[in-house]
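For the record, in the sequence shown the residue sitting at position 71 is 71 according to the UniProt record's numbering, with numbers rising by one throughout. All residues carry an ideal CB built from backbone N, CA and C; glycine is no exception. Here the structure is laid out as structure tokens; the discussion comes afterwards.
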Amino acid sequence: MGNGCFYVDRLAAGYGKRPVAEGLSFHAGRGEIVTLIGPNGAGKSTILKTISGGLAPMGGELVLDGVPMERIPRKERARKLAVVFTEKLQGELMTCRDVTAAGRYPYTGRLGLLSEKDQRAVDQALELVHGTDLGDRPFDRISDGQRQRIMLARALCQEPEMILLDEPTSHLDVKYKLEFLSLLREMARKKDLSVLMSLHELDLAERISDRVVCIKDGRMDRCGTPEQVFTPGYVEGLFGMTAGKFDAAGGSVEFSVPGGAVKPEDLPENAVFVIAGNGSGRQVFRKLQRENVPFVTGILFENDLDLPAAEALAAHVVKVPLGPVPEEAVREARAWIRRCQRVICCRTGFGVWEKENEDLFKYAERSGKTAGES
Ligand SMILES: Nc1ncnc2c1ncn2[C@@H]1O[C@H](COP(=O)(O)OP(=O)(O)OP(=O)(O)O)[C@@H](O)[C@H]1O
């Protein structure tokens, strides 16, 4: 089970008598970020609620710092484990500073009076989330994104060993999403925190997580590093996607090509051949896709940055393994060019290993297919 400060072993979580998910075994070490992903209703929130103590486990073990969770006294657990579930706290009549300070309650006496040390911890936490200016504002009159940052400040000033977050970026704009997750990453490392959260943004999950736990049909479908989890085709299966493709290399989602791949003889009249490579083609592929213009592309090496988007969107891709480009691939690409109405070249120049693509471009020029290229 590793030296993680937290682990679950064969955990079952659910409501009443019915487990929503069971057989869950994973761990989160100190300084690590572990992310739960999976389709809507898979049970991610239920698992987090169970780990936070809000729901009783229906089976299995929950262990924090070598001690079964149920044996950790409530007050100690409140110090060790911080929870960021935004919908929980209404915070009426409270300022953002009051809400943040609530994170110190496990450390204060019964009256909840804050010592100087507590006040300092509140200041620091607000500063960390860039929330100092929000301190005096009423918590119920700030934006959802600001509320999310204040909730993180509250969790941080609790000085926990572990933070649980349920979809912490759902209300944040793209700038704050990145800022928030970078902050979380930094806090995890600096303060040796274990972070367990659910995320819907797979690209962010892939970039930020040390480990990803995939939940599907009431069980743990996969658990591992992002490289182990996000293998080609996996996300589409996990989410039962029929309308698009997840680019495992680039961490982005591609809409699928209408009608799918085609045979040369079925290629529509307005089809375009795109000479791309090295990431130069993706924007063009997407533009053609939006405009409903079918296209063929090549010659792409199998590790090319353009390949995932090409495979998701093109009617056909002429691709080759790394190494010398076979004559046959060149012949095939030329045949597709002859069938296409025009050729778009995304390259401003060709490297020494791209002689065949340069030749294809010259071939297209000679055929008059590059005229009016946009
Ligand atoms: N309070 C509840 N009582 C009974 N069943 C519930 C309750 N809350 C959620 N469920 C059910 O448990 C299952 C898992 O829900 P959960 O919210 O954990 O999924 P999730 O993976 O977090 O979904 P989402 O991605 O949509 O947030 C769903 O079928 C849901 O309808």
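Own chain partners of residue i with C-beta closer than 7 Å, once the 5 adjacent residues on each side are dropped
i       : result
Lys-191 : none
Val-293 : Asn-270, Val-272
Val-67  : none
Glu-311 : Val-317
Gly-38  : Lys-44, Cys-214, Ile-215, Lys-216, Leu-238
Ala-102 : Arg-154
Arg-282 : Asp-306, Ala-309
Ala-333 : Gly-298, Ile-299, Val-318, Leu-360
Arg-71  : none
Glu-76  : none
Lys-17  : none
Identity of the residue in the options nearest residue i by Cα
i           : options                            : result
Ile-150     : Glu-354, Val-83, Glu-206           : Val-83
Asp-266     : Gly-103, Ile-215, Val-296, Phe-301 : Val-296
Asp-9       : Leu-62, Glu-161, Glu-365, Ser-182  : Leu-62
Pro-321     : Arg-30, Gly-298, Glu-32            : Gly-298
Asn-40      : Ala-309, Gln-283, Leu-126, Met-241 : Met-241
Leu-300     : Lys-319, Arg-18, Ala-314           : Lys-319
Ala-329     : Arg-120, Ile-344, Asn-357          : Asn-357
Asp-133     : Gln-119, Thr-95, Pro-106, Arg-120  : Thr-95
Glu-179     : Gly-145, Ser-367, Leu-164          : Gly-145
Ala-42      : Pro-19, Ser-52, Leu-64             : Pro-19
residue 389 : Lys-17, Asp-98, Pro-106            : Summary: the structure shown does not reach residue 389, with the chain confined to residues 1 through 374, and so no result is reported for it.
Leu-140     : Arg-97, Ala-333, Gln-124           : Correcting the residue type first, residue 140 is Asp in the shown sequence and not Leu. Here the closest residue by C-alpha is Arg-97.
Ala-335     : Ile-72, Ser-367, Leu-313           : Ser-367
Test item: CB-CB of residue i and residue j under 8 Å
i       : j       : result
Val-275 : Leu-360 : Note that residue 275 is Ile in the sequence shown here, rather than Val. Yes, the Cβ-Cβ distance between Ile-275 and Leu-360 is below 8 Å.
Val-122 : Thr-100 : yes
Ala-201 : Thr-225 : Looking at the sequence itself, residue 201 is Glu, so the reference to Ala does not match. No, the pair does not count as a contact, with Cβ atoms beyond the cut-off.
Ile-208 : Arg-222 : no
Ile-344 : Tyr-363 : no
Asp-306 : Gly-351 : no
Leu-164 : Leu-181 : no
Nearest-angstrom Cα separation, counted from residue j out to residue i
i           : j       : result
Leu-128     : Ala-153 : 7 Å
Ala-155     : Ser-45  : 18 Å
Phe-26      : Met-69  : 15 Å
residue 458 : Lys-175 : The structure shown does not extend to residue 458, since the chain spans only 1 to 374, so no value can be given for it.
Arg-331     : Pro-324 : 14 Å
Asn-3       : Lys-117 : Caution is warranted here: a pLDDT of 47 is assigned to Asn-3, below 50, making its placement in the model unreliable, and the coordinate value is therefore given only provisionally. Approximately 32 Å, taken between the alpha carbons.
Pro-138     : Ala-21  : 38 Å
Phe-239     : Arg-290 : 23 Å
Ala-78      : Val-195 : 15 Å
Thr-348     : Val-284 : 14 Å
Cys-157     : Ala-188 : 14 Å
Ser-280     : Arg-286 : 12 Å
Ala-309     : Asn-303 : 12 Å
Ser-115     : Arg-104 : 10 Å
Gln-228     : Leu-36  : 14 Å
Tyr-15      : Gly-54  : 11 Å
Glu-354     : Ala-315 : 22 Å
Glu-365     : Ile-142 : 59 Å
Val-235     : Asp-136 : 43 Å
Leu-126     : Ser-52  : 23 Å
Lys-177     : Glu-327 : 47 Å
Leu-313     : Cys-346 : 16 Å
Leu-113     : Gln-124 : 18 Å
Arg-147     : Leu-288 : 40 Å
Leu-111     : Gln-119 : 15 Å
Assumed close pair residue i, residue j - CB separation to whole angstroms, cut-off 8 Å
i       : j       : result
Asp-217 : Val-34  : That belief does not hold up - the Cβ atoms of Asp-217 and Val-34 are roughly 20 Å apart, past 8 Å.
Ala-12  : Gly-59  : 4 Å
Cys-5   : Met-162 : 7 Å
Lys-263 : Pro-160 : Lys-263 to Pro-160, Cβ: 59 Å. No contact.
Own chain residues within Cβ distance below 6 Å of residue i, not counting five before or after
i           : result
Met-1       : Confidence at Met-1 is low in this model, with a pLDDT of 45, below 50, so the placement of that residue is unreliable and no value is reported for it.
Ser-374     : Residue confidence for Ser-374 is low, a pLDDT of 48 falling below 50, so the modelled location carries little weight; the figure read from the coordinates is stated next. Taken in chain order, the list of residues that qualify is empty.
Thr-50      : Ala-13, Pro-57
residue 408 : Residue 408 cannot be examined here, being either before or after the span of the chain that is shown, 1 to 374.
Gly-31      : Ala-188, Arg-189, Asp-192
Asp-65      : Cys-5
Arg-339     : Pro-264, Leu-267
Gly-131     : Arg-149, Ile-150, Ala-153
Leu-93      : none
Beta-carbon contacts of residue i that lie in its chain and below 8 Å, excluding the five residues immediately before and after
i       : result
Gln-341 : Glu-269, Asn-270, Ala-271, Val-272, Lys-369
Leu-183 : Leu-128, Val-129, Leu-152
Met-220 : Ala-21, Gly-23, Leu-24, Ser-25, Phe-26, Val-213, Cys-214
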